[in-house]
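Okay, structure first, notes after.
2 protein chains.
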Amino acid sequence: MSASPAAGRPRNPDVDRRVARAAVELFGSQGWAGFSVEAVARRAGVGKASIYLRWPSKEALLVGALAERVPVVADVDTGTLRGDLVRLARQLLDMHLGPSGRAFERMGLDAPQLPGVAERWERHREAQVRAARAMIRRGIDRGEIAADTPVTLLLDTLCGGVALHVSSTPERLRPNIDVEDYAERLVTFLLRSVE
Amino acid sequence: MSASPAAGRPRNPDVDRRVARAAVELFGSQGWAGFSVEAVARRAGVGKASIYLRWPSKEALLVGALAERVPVVADVDTGTLRGDLVRLARQLLDMHLGPSGRAFERMGLDAPQLPGVAERWERHREAQVRAARAMIRRGIDRGEIAADTPVTLLLDTLCGGVALHVSSTPERLRPNIDVEDYAERLVTFLLRSVE
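The listed protein sequences derive, respectively, from chains A and B. Quick note on UniProt numbering: the first sequence kicks off at 1 and runs consecutively. Quick note on UniProt numbering: the second sequence kicks off at 1 and runs consecutively.
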């Protein structure tokens, strides 16, 4: 889901990872007002040139870095819908509980107001929604759930349920959330409605 | 759910409403960095003294104003669980689609970092969760849903599903969301799992 790297340029995966992590943490804590290529470079301990080698602008850096650190829905294909949904729920829980969670939530709030970020984030989001809808349709095609399953409702309640569970848990109690257990129970609860 | 007004002080409900609206809109668009009693007074077209008559600080003003403009769960009691959940879903949709939506989302993100806001918002949130759990338990007591209904999952998926449905709809398409229809379908989908 990330933008393509400049063709033919050798890259260092470790630098890429540090830059993506620094960008996401900085945006999560400071928002757009505190976000610059210079501040990301400082936080990641790399030169600005290393960042511009890959990302043409701070807008592309922010969206690309966040897209790298959120679960890629298209990669989830366990062979059963239940397995896919549990894995997706686990990945989303980990994301909301981890350092990318704040950045992801802030992006949802701020992206529409940021030219250059808005369209990039919207493209990323649309690709994720398409992949998630395809995941549900594979389950329908395999006969695991009813053909008239309300796909949008199933995805809204799965992804929204995870986000709300984390946001409604006070920060000091979040380490107590049992990711495996919640993901299993959530999927069982939702599939009971459509199986 | 709002803080008590100073005892014995006469108040003008129209001024109160304008102040609450201005506070919520200002926080939604500018965040905490742009939030002050002076800026709220200017936006509401009232004097600062009118605000301090009711709210002792900008922290109390922000939480009190937002608490007044989000649905009060304790007020929802239609006689059936289905009726209660549909009303709650409709109110939450209206809230997320209206001018308080951004302020509410921003509060979830920023409140933990704002001393004086964090504890007030947490108290408000906890009272809402208690009222929502009581709503579900009334449904269990009336035999409308199974006694072993997972109360937290039902609330996470209802409230989170609504929030995600709005946030995943691009802003230009949000006026097309049919609030009545979505609320009915969401509740039918979730109750099928526990009836």
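Beta carbons: idealized from backbone N, C-alpha and C, even for Gly.
Candidates the options: closest to residue i by CA position
| i | options | result |
| --- | --- | --- |
| Ser72 of chain B | B:Leu62, B:Leu61, B:Met135 and B:Phe35 | Checking the sequence, you will find Val at residue 72 of chain B rather than Ser. Of the candidates B:Leu62, B:Leu61, B:Met135 and B:Phe35, the one whose C-alpha sits nearest the C-alpha of Val72 of chain B is B:Met135. |
| Arg185 of chain A | A:Asp16, A:Ala33, A:Val86 and A:Ala49 | A:Val86 |
| Ala60 of chain B | B:Ala118, B:Ile140 and B:Thr157 | B:Ala118 |
| Val179 of chain A | A:Ser36, A:Val40 and A:Leu92 | A:Leu92 |
| Ala182 of chain B | B:Thr169, B:Ala89, B:Leu66 and B:Asp16 | Here the sequence assigns Tyr to residue 182 of chain B, which means Ala is not the residue at that position. With distances taken between Cα atoms, Tyr182 of chain B lies closest to B:Ala89. |
| Pro56 of chain A | A:Arg174, A:Val37, A:Phe104 and A:Arg133 | A:Val37 |
| Asp141 of chain A | A:Thr188, A:Arg11, A:Thr80 and A:Leu53 | A:Thr80 |
| Pro150 of chain A | A:Pro170, A:Gly64 and A:Leu191 | A:Leu191 |
| Phe15 of chain A | A:Trp32, A:Ala49 and A:Phe35 | What sits at residue 15 of chain A in the sequence shown is Val, not Phe. The option with the nearest alpha carbon to Val15 of chain A is A:Ala49. |
| Val19 of chain B | B:Ala39, B:Thr78 and B:Gln30 | B:Ala39 |
| Ser193 of chain B | A:Ile177, A:Leu154, A:Asn176 and A:Arg174 | A:Leu154 |
| Arg137 of chain A | A:Arg21, A:Gln30, A:Arg172 and A:Arg82 | A:Arg82 |
Helix, strand or coil at residue i [DSSP, three-state]
| i | result |
| --- | --- |
| Val194 of chain A | coil |
| Gly139 of chain B | helix |
| Trp55 of chain A | coil |
| Thr188 of chain B | helix |
| Glu144 of chain A | coil |
| Gly34 of chain A | helix |
| Pro175 of chain A | helix |
| Val76 of chain B | coil |
| Ala183 of chain A | helix |
| Val70 of chain B | coil |
| Gly108 of chain A | helix |
Residue i, enclosing alpha helix (DSSP H) - first and last residue
| i | result |
| --- | --- |
| Leu92 of chain A | Leu81 to Leu97 |
| Thr157 of chain B | Val151 to Ser167 |
| Asp16 of chain B | Pro13 to Gln30 |
| Val117 of chain B | Note, Val117 of chain B: premise wrong, no alpha helix (DSSP H); not H, not E. |
| Val37 of chain B | Val37 to Ala44 |
Report yes or no: do three or more beta-carbon pairs, one from the region 124-141 of chain B and one from the region 111-131 of chain A, lie closer than 8 Å?
Taking a cut-off of 8 Å for Cβ pairs, the region 124-141 of chain B and the region 111-131 of chain A do not touch, as fewer than three such pairs fall below it.
With a cut-off of 8 Å, do at least 3 Cβ pairs link the region 89-100 of chain A to the region 43-50 of chain A?
no
Any residues in the region 28-49 of chain A with a beta carbon nearer than 7 Å to a beta carbon of chain B? Which ones, in chain order?
The residues in question: there are none.
Using 8 Å as the Cβ pair cut-off and three pairs as the minimum, do the region 154-171 of chain A and the region 144-163 of chain B touch?
yes
Given a limit of 9 Å on CB to CB distance, which residues of the region 145-168 of chain B reach chain A?
Pro150, Thr152, Leu153, Leu154, Leu155, Asp156, Thr157, Leu158, Cys159, Gly160, Gly161, Val162, Ala163, Leu164, His165, Ser167 and Ser168
Using a Cβ-Cβ cutoff of 8 Å, what residues of the region 108-119 of chain A are near chain B? List them in chain order.
Gly108, Leu109 and Pro112
Pull out every residue of the region 166-187 of chain B whose Cβ sits closer than 9 Å to any Cβ of chain A, in chain order.
Ser167, Ser168, Pro170, Glu171, Tyr182, Arg185 and Leu186
Report the residues of the region 55-74 of chain A with a CB closer than 9 Å to any CB of chain B, ordered along the chain.
none
Name the residues in the region 85-96 of chain B whose C-beta lies less than 8 Å from a C-beta of chain A; which are they?
none
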